[in-house]
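Enquirer:
Number of protein chains: 2
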Amino acid sequence: MSQAPVKRARRPSGGRDQLLETAVGEFIARGYDATSMEDLSRAAGITKSSFYHHFAGKEALLRAALERAVDGLFGVLELPTARDGSPVQRLRVIIAEQVRVLMTELPYVTLLLRVRGNTETERWALERRRAFDAAITRLVRDAVDAGEVRADVDPALAAKLLSGLVNSIVEWYRPGRPGTATLPEDVVQAALTGIVPSPTPNP
Amino acid sequence: MSQAPVKRARRPSGGRDQLLETAVGEFIARGYDATSMEDLSRAAGITKSSFYHHFAGKEALLRAALERAVDGLFGVLELPTARDGSPVQRLRVIIAEQVRVLMTELPYVTLLLRVRGNTETERWALERRRAFDAAITRLVRDAVDAGEVRADVDPALAAKLLSGLVNSIVEWYRPGRPGTATLPEDVVQAALTGIVPSPTPNP
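Going down the list, the sequences are from chains P and Z.
Read in order, the letters of the first sequence are residues 34 to 236 in our numbering.
Read in order, the letters of the second sequence are residues 34 to 236 in our numbering.
(1) Expressed to the nearest angstrom, what Euclidean distance is found between the alpha-carbon atoms of residue 190/P and residue 104/P?
(2) Taking C-beta pairs closer than 9 Å, name the residues in chain Z that residue 95/P reaches, listed in chain order.
(3) Answer yes if the segment 217-225 of chain Z comes into contact with the segment 203-221 of chain P, meaning at least three C-beta pairs across the two stretches below 8 Å, and no otherwise.
(4) At a Cβ threshold of 9 Å, is residue 196/P touching chain Z?
(5) Name, please, each residue of chain Z whose Cβ falls closer than 9 Å to the Cβ of residue 226/P.
(6) Run down chain P in chain order and give the residues with a C-beta less than 7 Å from the C-beta of residue 193/Z.
(7) How many angstroms separate the CA atom of residue 85/P from the CA atom of residue 141/Z?
(8) Using only alpha-carbon positions, find the residue among 198/Z, 155/Z and 201/Z that is nearest to residue 94/Z.
(9) Quick check on DSSP: helix, strand or coil for residue 181/P?
(10) Hey, how far is the Cα of residue 45/Z from the Cα of residue 68/Z?
(11) Within 9 Å of any Cβ in chain P, is that where the Cβ of residue 132/Z sits?
(12) For residue 196/P, count neighbouring C-beta atoms within 10 Å of its own C-beta (all shown protein chains included) and say buried if the count is 16 or more, exposed if not.
(13) Short of 7 Å Cβ to Cβ, which residues in the segment 58-90 of chain Z face chain P?
(14) Scan the segment 188-222 of chain Z and note each continuous alpha helix (DSSP H) run of 4 residues or more that stays entirely inside, going in chain order.
(15) Would you please verify whether the beta carbon of residue 176/P is less than 9 Å from any beta carbon of chain Z?
(16) Can you pull the chain P residues whose beta carbon is under 8 Å from the beta carbon of residue 201/Z, in chain order?
(17) In three-state DSSP terms, what is residue 88/P?
(18) Using the Cα positions of residue 229/Z and residue 73/P, report the straight-line distance between them to the nearest angstrom.
(19) Mind checking if residue 173/Z is an interface residue toward chain P, Cβ cutoff 9 Å exclusive?
(20) In angstroms, rounded to a whole number, what distance separates the CA positions of residue 49/P and residue 106/P?
(21) I'd like to know if the segment 162-175 of chain Z and the segment 165-183 of chain P are in contact, where contact means that at least 3 CB-CB pairs between them fall below 8 Å.
(22) From residue 147/Z to residue 203/Z, what does the alpha carbon distance come to, in whole angstroms?
(23) Does the separation of the CB atoms of residue 71/P and residue 81/P fall below 9 Å?
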């Protein structure tokens, strides 16, 4: 068909999502504080004013990146399978899906985990992380109360260790790495039965 | 007694160990790259030339700090109780002692865990971390081979998850925090039986 050519952006990689991804890469490599809009424009190969056309500034980029990570994590808590069933069934779903979010949104979650609270946006992100951990703490407490988890488990400590176990994956997981297809289920197994569990007496 | 006053440094806090501790605090707060000898001298309340009297420069400080963390961790592997006994008994000792090193050497281990490999010293530290993880991987493999750990456990993944579990404590542990006296044993328990373990069938 010989229609007039569709008007399209000269840089298909210069869209908002792509700019965000570039910015997050720079934030992770240099540190947020040490990265300027100048650095970001150079990394994206566009002018500073083109960059400002998409994002009001550095903190707007940080906010968009952290929202993507936070929305991914809280989306897990909203899944029907994370809301129904026994506390341990829900925990299983949440841990597996949290690992999946981490694998698919790796740079955004990595950035979220490095946040230290120096800006309003960072303090908002820390508050969201605490809210997520509080939801996990409540669920572990429900599991203990229901007799599904050993009674001597401290829910607050368990939630911190779960968070540490899951989040530590950002340190070494890279997309496409062989042997990581079963990672979500492997982490669930480790959380529920141990990282180095005894053989079951009756296998 | 009316002896002549003992000659003492005007700043008892200006010794080598204290300077190192101050520097590590600044490295953690600002990031190593963003910290100058100027910043360090100011934080320590001494002149730059007094600082250089103790340390040849910034990288010498980093090296001393990372050596302290690395020596602490490798010291664990050298403990008699970490060298004798079944693989799982040795793992129990190593995990507990690794948590203790982390608690007592918190800032130094925190710095070690943030190292990204930008300098020769940082690459040395990363190599030492890999060597430590390799020792744990071998021990988990021995435990699987001895039938002490479930046969479907992947030793390399288990070593990564163990490292993640233990090291995540630096994110929230602070000395003197109530309820952390049993942390070393709690982490051992979590690693061997699960963070949210089922109640034992016959308690």
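Beta carbons are placed, not taken as given, at the ideal position from N, Cα and C, and that holds for glycine.
Expert: This is what the structure holds:
(1) Taking the first residue of the first sequence as 1, we reach residue 190/P at position 157. Taking the first residue of the first sequence as 1, we reach residue 104/P at position 71. If I take the Cα positions, the gap works out to 24 Å.
(2) As a first step, residue 95/P must be located in the first sequence, where it is residue number 62. Residues of chain Z passing the Cβ test: none, with the nearest at roughly 16 Å.
(3) no
(4) Indexing the first sequence from 1 puts residue 196/P at position 163. Closer than 9 Å to some Cβ of chain Z, the Cβ of residue 196/P qualifies, so yes.
(5) Indexing the first sequence from 1 puts residue 226/P at position 193. Going along chain Z in sequence order, the residues near residue 226/P (Cβ under 9 Å) are 183, 226, 227, 230 and 231.
(6) Along the second sequence, read from residue 1 onward, the residue named residue 193/Z stands at position 160. Result: 205.
(7) The residue labelled residue 85/P in the question sits at position 52 within the first sequence. The residue labelled residue 141/Z in the question sits at position 108 within the second sequence. Answer to the nearest angstrom: the Cα atoms are 40 Å apart.
(8) Indexing the second sequence from 1 puts residue 94/Z at position 61. Per the Cα distances, 155/Z.
(9) Residue numbering aside, residue 181/P sits at position 148 when the first sequence is read from its first letter. Three-state DSSP puts residue 181/P in coil, outside helix and strand.
(10) Mapped onto the second sequence, residue 45/Z falls at position 12. Mapped onto the second sequence, residue 68/Z falls at position 35. Caution applies to residue 45/Z, whose pLDDT of 42 falls short of 50 and renders its modelled position unreliable; the value that the coordinates give is listed next. Straight-line Cα distance between these residues: approximately 24 Å.
(11) For the purposes of this step, residue 132/Z is taken as residue 99 along the second sequence, with counting starting at 1. Chain P, which has no Cβ nearer than 9 Å to the Cβ of residue 132/Z, makes this no.
(12) Translated into positions along the first sequence, residue 196/P becomes position 163. Result: buried.
(13) Within the segment 58-90 of chain Z, the residues whose Cβ lies closer than 7 Å to some Cβ of chain P are 64 and 67, listed in chain order.
(14) 188-200
(15) Translated into the one-based positions of the first sequence, residue 176/P becomes position 143. True, the Cβ-Cβ gap to chain Z drops below 9 Å.
(16) If you number the second sequence from 1, residue 201/Z lands on position 168. Those are 193, 194, 196, 197, 198, 200 and 201, listed as they occur along chain P.
(17) Taking the first residue of the first sequence as position 1, residue 88/P is located at position 55. Three-state result, residue 88/P: coil.
(18) Position 196 of the second sequence, counting from 1, holds the residue named residue 229/Z. Position 40 of the first sequence, counting from 1, holds the residue named residue 73/P. Each residue's Cα considered, the two are about 43 Å apart.
(19) Counted from its first residue, the second sequence places residue 173/Z at position 140. By this cut-off, residue 173/Z is an interface position.
(20) Sequence index remark: in the first sequence, residue 49/P carries index 16 (1-based). Sequence index remark: in the first sequence, residue 106/P carries index 73 (1-based). Answer to the nearest angstrom: the Cα atoms are 22 Å apart.
(21) The segment 162-175 of chain Z is not in contact with the segment 165-183 of chain P.
(22) Your numbering for residue 147/Z matches position 114 in the second sequence. Your numbering for residue 203/Z matches position 170 in the second sequence. Residue 147/Z and residue 203/Z: Cα-Cα distance of roughly 11 Å.
(23) As a working note, residue 71/P is residue 38 in the first sequence. As a working note, residue 81/P is residue 48 in the first sequence. Taking 9 Å as the Cβ cut-off, residue 71/P and residue 81/P qualify as a contacting pair.
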